[in-house]
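> Okay, handing you the structure first.
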Amino acid sequence: MHVKNRYCEWLFLLTILWVSSLSSAELQVYCTSTIPVNERDKALKADSALTGTNITVFGKFREFESSVKSSKPKYILISSSFLSINKDYKAVYQLELNGKSSFKYLILSTKPEWTKEKMASGSVGVVDELGRSGTKKYVQNNVGKFKKVKRVTKTDDLMPLLVLENANYIMIRPDNYEILKKKFTAKTQKIAESKTVGYPILCVLKDTPQGEIDALGKITPSTLKALGYSNLKKISGDNK
Amino acid sequence: MKQPTHLVLLLLLMLPLCASAEKLLIFRQGSVNFEEVTKAIREEIGEDLDIVDHVLQKESQYQEFHDKIRSEKPDMLLLLDNKALSFAKKFNQEKDEYAKNLKAVAAMALNLRKELKGNKNICAIEYEVPAYTLITSYRFIVKKNIKNVLVFYRGSEHSEIIKNAQAQLKKENITLRAIDAEAYGTSEKQVNFFLQRNMLREIYRKDIDLVWVISDSIMLNNNNFASLWVSASRRNKVPFVSGIQKFSAQEMQFCAYSASPNHQDLGAQVSEMIFSLIDGEEPEALSVEYILSVRKTANMKKMNNNNVEVNKDNMSDVKVIGK
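Residue numbers (the numbering used here), protein chains in the order written: chain G, 1 to 240; chain B, 241 to 563.
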């Protein structure tokens, strides 16, 4: 009887530890999007696959970056380029849009004189996804050299940046540009495309148990739709 | 052999001195919006720069500004209002090389394009929300297309703003019909008289979809604000829009929509400009940028009074008041 009680106590303690470890799981999100932060936050919090997970969707990369540094959340949903500046995480799921897992940024201008040849002497506007020096390197590696890289905090700010001539070019995801075209009708010209880059990825801390990773894979299609995507694809070990 | 080792050690000891952060001295007002912008700037660049924050009071004189710079010896200034800007322009005229060459970023001040024409030391971000941002963001939330916008302006003050706004809106197939309220003269009395005689007639033109209200203390003053502007906005169905949030407030019932500065994002935009100066760009080349990010407010009571139908799907980032 005494042994049975001891066993029950241990079981109880283990259950508490397991539950507390579950409740401390945290998902922090930063992806450039035309969908407001509060809408994405609401959709993620309503998803049963994420019950018990503390969710924070950030509107600014700087806030996300400093939060990741200080709190080291278990899970992050972030642009695919982020792992180039943070080695604590591994990518476990790839977000897809209309069956595609990657895209090419568009480089647009509104004035005919800002051609591809003049990119090195012009400024390009881009949504901040990697901080000051990271963004500059990322643009150079994936598109080419510009005289100046101007970071903005929101996708919505890119078109005014271009039309008001705060920048000579903008770098924008094609799907985001399609959405912005509903707001702004100013004519733009496509100057160039970036190299192929991946859509955002769901990452976990490297020591995360497989059971938790599998549970994350159950995020529903309706949540993905609310985030602006259509599918969540498991990343095989080789691609991590 | 010993001497080179000592030299290396000495150089190593001096490294922290050479690598010390540059100092930014902020001059600003003490009110909430200025606090918000300063906080955002601290968050953006606080790790890279040594920041000293100084609040100028209403009664602050140039000497206070001058003494603070001389004691702090900053590498650059951030000027957050017109008073700080005018003091900085004066400081740049002092005789020593440091004063002549001290660079600055200005923001949260009015008429910066005009104030900084020909200035080589100060670059800036305009505080006034451009008509392009205001009108395209309004167009996105309403069901009716916007083709013709009316604005009253003062030629002596706003000619460049109007010229730029016309060119920018043209790209969106929107025509800005701009009426110079100084047609009878430049005094407040003459401007007021012109507006009284012409405002309603111009608004009642059949093709006007929207009235853009420029915040200007001569055109909008204590004597005519309620009797002329607010009254005109209530006597017809054409919505008024503005870059001033309080104009769309429920208690005012004046503008149907406003797009006003987003102070947090303005802090990020200012920080980006400060980094450009640190990277060695010249203020003259950076010039005066438009403010990008705005807070949108729709006064639904005014929208309803103006028979404006809104597209609710497009209002997720709009603060709705007066439902």
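Where a beta carbon is used, it is the ideal one built from N, C-alpha and C, also for glycine.
Compute the distance between the beta-carbons of F487/B and S471/B, then report whether it is under 8 Å.
If you number the second sequence from 1, residue 487/B lands on position 247. If you number the second sequence from 1, residue 471/B lands on position 231. Going by C-beta atoms, F487/B is not nearer than 8 Å to S471/B.
> Just to confirm the assignment, what range does the alpha helix (DSSP H) spanning A371/B have?
Sequence index remark: in the second sequence, residue 371/B carries index 131 (1-based). Segment 371–381, the alpha helix (DSSP H) holding A371/B.
> Identify whether P200/G lies in helix, strand or coil by the three-state DSSP scheme.
For the purposes of this step, residue 200/G is identified with residue 200 of the first sequence, where counting begins at 1. DSSP places P200/G in coil when its eight states are reduced to three.
> Beta-carbon within less than 6 Å of V453/B's beta-carbon, same chain only, minus the 5 sequence neighbours each way: which residues are those?
In the second sequence, the residue the question calls residue 453/B occupies position 213. Excluding residues within five positions, the ones whose Cβ falls inside 6 Å are F480, S482.
> Beta-carbon separation of K190/G and L108/G under 8 Å?
Translated into the one-based positions of the first sequence, residue 190/G becomes position 190. Translated into the one-based positions of the first sequence, residue 108/G becomes position 108. Yes.
> Just to make sure I have the definition right: I need the residues of chain D whose C-beta is within less than 7 Å of the C-beta of Q297/B. Which are they?
You won't find chain D in this structure, because its protein chains are G and B.
> Give a yes or no on whether the minimum CB-CB distance between P36/G and chain B is below 8 Å.
The sequence position of residue 36/G within the first sequence is 36, counting from 1. Interface residue, yes.
> When DSSP labels each residue in this structure, what does K429/B get in the three-state scheme?
In the second sequence, counting from the first residue as 1, residue 429/B sits at position 189. DSSP places K429/B in helix when its eight states are reduced to three.
> Give me the residue from V126/G, L95/G, G131/G with the minimum Cα distance to K225/G.
Here residue 225/G is taken as the residue at index 225 of the first sequence, counted from 1. Looking at the Cα atoms, L95/G is the closest of the given residues.
> Thinking just about the alpha-carbon of each residue, which of Q430/B, K410/B, I414/B is nearest to the one in I448/B?
Position 208 of the second sequence, counted from the first residue, corresponds to residue 448/B. Of Q430/B, K410/B, I414/B, the residue nearest in Cα terms is I414/B.
> Mind checking the stretch 397–423 of chain B against chain G and listing, in chain order, the residues whose C-beta falls within less than 8 Å of any C-beta there?
Hits within the stretch, in order: Q408, K411, E412, N413.
> Excluding the 5 residues flanking C233/G on each side, which residues of the same chain have their C-beta closer than 7 Å to its C-beta?
Counted from its first residue, the first sequence places residue 233/G at position 233. Inspection of the sequence shows that residue 233/G is occupied by Lys rather than by Cys. Y93, Q94, E96, S101, listed in sequence order.
> So with Cβ pairs under 8 Å, would you call E39/G a contact of chain B?
The residue you call residue 39/G lines up with position 39 of the first sequence. Yes, E39/G counts as interfacial toward chain B.
> Does the distance from the CB of L265/B to the CB of V292/B come in under 8 Å?
Counted from its first residue, the second sequence places residue 265/B at position 25. Counted from its first residue, the second sequence places residue 292/B at position 52. Yes, Cβ-Cβ distance for L265/B and V292/B is below 8 Å.
> Please report whether the beta-carbon of A186/G lies at a distance below 8 Å from any beta-carbon of chain B.
In the first sequence, counting from the first residue as 1, residue 186/G sits at position 186. Yes, contact with chain B.
> Counting only the same chain and skipping the five closest in sequence on each side, list residues whose C-beta sits under 7 Å from that of E284/B.
Within the second sequence, residue 284/B is the residue found at index 44, counting from 1. Contacts found: G507, A508, S511.
> For D293/B, report the span of its beta strand (DSSP E) as first-last.
Translated into positions along the second sequence, residue 293/B becomes position 53. D293/B -> beta strand (DSSP E) spans 290–295.
> Per DSSP, E96/G is paired with what?
Reading the first sequence from its first residue, position 96 is the one you call residue 96/G. Paired residues: N231/G.
> In angstroms with no decimal places, state the Cα-to-Cα distance between T188/G and R353/B.
Position 188 of the first sequence, counted from the start, is the residue given in the question as residue 188/G. Position 113 of the second sequence, counted from the start, is the residue given in the question as residue 353/B. Distance between the alpha carbons of T188/G and R353/B: 26 Å.
> On the DSSP bridge assignment, give the partners of L158/G in chain order.
Residue numbering aside, residue 158/G sits at position 158 when the first sequence is read from its first letter. Note: L158/G sits in no beta bridge, so no partner.
> For V143/G, which of helix, strand or coil comes out of DSSP?
Within the first sequence, residue 143/G is the residue found at index 143, counting from 1. V143/G falls in the coil class under three-state DSSP.
> Using a cut-off of 8 Å between C-beta atoms, extract the partners of L27/G located in chain B.
Counted from its first residue, the first sequence places residue 27/G at position 27. Within 8 Å Cβ-Cβ: nothing; L27/G doesn't reach chain B, min ~22 Å.
> To be precise: take each residue of the stretch 82–98 of chain G, compare its Cβ to all Cβ atoms of chain B, and keep it if any distance is under 9 Å. Which residues remain?
Going along the stretch 82–98 of chain G in chain order, one finds no residue with a Cβ nearer than 9 Å to chain B.
> Who are the near neighbours of L77/G in its chain, counting only those whose CB is closer than 7 Å to its CB and skipping five residues on each side?
Within the first sequence, the letter at position 77 stands for residue 77/G. Here the set comprises L27, V29, C31, P200, L202.
> Applying the 10 Å Cβ sphere with the 16-neighbour rule, what's the burial state of S500/B?
Locating residue 500/B in the second sequence gives position 260, counting from the first residue. Burial call: buried.
> Give the DSSP bridge partners of N54/G, in chain order.
On the first sequence, residue 54/G is found 54 positions in, with the first residue counted as 1. According to DSSP, N54/G bridges with E26/G.
> Using only the alpha-carbon positions, how far apart do L83/G and E304/B sit?
For this step, residue 83/G is matched to residue 83 along the first sequence. For this step, residue 304/B is matched to residue 64 along the second sequence. C-alpha separation (whole angstroms): 49 Å.
> Interface residues of chain B around K183/G at Cβ under 7 Å?
Position 183 of the first sequence, counted from the start, is the residue given in the question as residue 183/G. Those within 7 Å of K183/G in chain B are T376, F380.
> Spell out whether any CB of chain G is found under 8 Å from the CB atom of S271/B.
If you number the second sequence from 1, residue 271/B lands on position 31. With 8 Å as the cut-off, S271/B does not count as an interface residue toward chain G.
> Leaving out five residues on either side along the sequence, give the residues of the same chain with a beta carbon under 8 Å from the beta carbon of K147/G.
Indexing the first sequence from 1 puts residue 147/G at position 147. Same-chain partners within the cutoff: A120, S121, G122, S123.
> Taking any Cβ of chain G, which residues in the stretch 281–295 of chain B have a Cβ under 8 Å from it, in chain order?
Flagged, chain order: E283, E284.
> Please state the DSSP three-state secondary structure of W452/B.
Looking up residue 452/B in the second sequence gives position 212. Of the three classes helix, strand and coil, the one that applies to W452/B here is strand, per DSSP.
> Nearest to A43/G by alpha carbon, out of L227/G, K90/G, T185/G?
As a first step, residue 43/G must be located in the first sequence, where it is residue number 43. Ranking the options by Cα distance to A43/G, first place goes to L227/G.
> Counting only runs of 4+ residues fully inside the stretch 55–90 of chain G, write out the alpha helix (DSSP H) ranges in chain order.
You should have 61–71.
> Is Y530/B close to chain G, meaning its C-beta is less than 8 Å from at least one C-beta of that chain?
Looking up residue 530/B in the second sequence gives position 290. It does: the Cβ of Y530/B has a partner Cβ on chain G nearer than 8 Å.
> At which residues does the beta strand (DSSP E) containing N539/B begin and terminate?
In the second sequence, residue 539/B corresponds to position 299, counting from 1. From DSSP, the beta strand (DSSP E) with N539/B extends over 534–539.
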